[in-house]
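Data first, discussion second: the structure below is written as structure tokens.
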Amino acid sequence: MLSRSVLALGLVLLALAFAMPFVWMALGSFMGSEQFTAIPPRPWPDPWKPENYPHAWESAALGRYMANSLLVAAATAIGQVLTGAMAGYAFARLPFRGSDRLFLTLVALWSVPAPVLVVPLFALVCRLGWFDTPWALIAPGLASATSLLTFRQTFRDFPGELADAACLDGCTPWQIFWRVALPTARPAIATVGLLAFVASWNAFFWPLLVTQGDTWRTLPVGLAAFRSAFREVTDWGALLAAATIATLPVVGVFLLTQRTVGSGMLDGSTRD
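Sequential numbering of the sequence shown, starting at 1, is according to our numbering.
This is how it looks when you write it as structure tokens:
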């Protein structure tokens, strides 16, 4: 009983440690610039300045940046789910000659550091005429070795009896995948989609490299530009308000998928 109480207390303290930066960001978004340099420091806004939010929204062009990030992150997540599911099903349920070697090759490519691929990928994007277009932001993230591994493992545990029954009913391999196998992989779909969305939403270096101007600038790059726009005194309240707004879509996506992701993890932990 004591050990369980100690474990619960440790988890609560760990959760508080992770939550503190976000709590401070949310509280700081309602502070004025002078409150950040006050001595002694103030743990909460006094007075509260909710006008930081409309000021940040208008000054930083957050609407355009957020629309760009939503488009790129959603397209990347959908792309990784589709490509990962099809490739994972093929490797798990449709063995072909050389499939094991091809799979090992793909896994080996996964270990290549991302910075090594930046120069050839940037040259390819420029050669295709995709510089400063949404294709340069979306296309490199449409496939992922992580999604392939996740779906391959998921479909390896797919009951073969369901596929045999669907085959007897006259379903083609594509219909078996789309109508029978894929609906059973909802936890994997939610997990891959969530991870891909968050990774694309937080990406900074690649969008900074392949965009020019505000047309297709994503939210992390826009926040950096907003920070550098201050000359002498940084308006930390407006900057933290912009950062708080930037976290809301990710929190919303997580809340929508957490039950499915959690059920998938629990199912995997109890599977024989």
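Here a beta-carbon is modelled for each residue, glycine too, at the ideal position from N, C-alpha and C.
With distances taken Cα to Cα, identify the nearest neighbour of residue i among the options.
| i | options | result |
| --- | --- | --- |
| P47 | S33, H55, L239 | S33 |
| L117 | W24, W206, S3 | W206 |
| E157 | Y89, A8, L239 | Going by the sequence as given, residue 157 is Asp instead of Glu. For D157, the nearest C-alpha among the options comes from Y89. |
| T215 | A123, L14, L71, S111 | L71 |
| R42 | A61, W24, A56, P50 | W24 |
| A114 | A203, R97, A61 | A203 |
| V251 | R4, V12, R97, F22 | F22 |
| R179 | L16, A74, M86 | M86 |
Can you find the residues in the same chain that come closer than 7 Å, C-beta to C-beta, to residue i, ignoring five residues on each side of it along the sequence?
| i | result |
| --- | --- |
| A26 | T244 |
| G268 | No answer about G268 holds up, because its pLDDT of 47 lies below 50 and its placement is not dependable. |
| L208 | V221 |
| P45 | L27, F30, M31, Q35 |
| T270 | Its pLDDT being 43, under 50, T270 is placed unreliably by the model, and nothing is read from it. |
| L121 | P140 |
| F91 | S99, F103, R152 |
| D235 | S33 |
| V253 | L194, F197 |
Look at residue i and residue j and say whether their C-beta atoms are less than 8 Å apart.
| i | j | result |
| --- | --- | --- |
| L106 | A145 | yes |
| T218 | S69 | yes |
| Y53 | A241 | yes |
| V261 | Q80 | no |
| A136 | V210 | yes |
| P108 | A238 | It should be pointed out that residue 108 corresponds to Ala in this sequence rather than to Pro. Taking 8 Å as the Cβ cut-off, A108 and A238 do not qualify as a contacting pair. |
| W131 | R93 | Strictly speaking, residue 131 in this sequence is Phe, with Trp absent from that position. No, these two residues do not count as a Cβ contact at 8 Å. |
| A75 | I138 | yes |
Given a threshold of 16 other Cβ atoms within 10 Å of its Cβ, counted over all protein chains shown, does residue i qualify as buried or as exposed?
| i | result |
| --- | --- |
| M20 | exposed |
| V233 | exposed |
| G84 | buried |
| D169 | exposed |
| G160 | exposed |
| W174 | exposed |
| T172 | exposed |
| L9 | exposed |
| G213 | exposed |
| W110 | exposed |
| F226 | buried |
| V6 | exposed |
| A246 | buried |
| G129 | exposed |
| I39 | exposed |
| L16 | exposed |
| R224 | Looking at the sequence shown, residue 224 is not Arg but Ala. Result: exposed. |
Sorted by chain position, which residues of the same chain lie with C-beta nearer than 6 Å to residue i's C-beta, five sequence neighbours on each side aside?
| i | result |
| --- | --- |
| T257 | A190, L194 |
| A163 | I176 |
| F18 | none |
If I measure Cβ to Cβ from residue i and keep anything under 8 Å in the same chain, skipping five residues before and after, which residues do I get?
| i | result |
| --- | --- |
| P50 | F30 |
Inter-stretch contact (C-beta, 8 Å, three-pair minimum) for the stretch 185-193 and the stretch 148-166: yes
The stretch 187-206 in contact with the stretch 128-147 per 3-pair CB rule at 8 Å: yes
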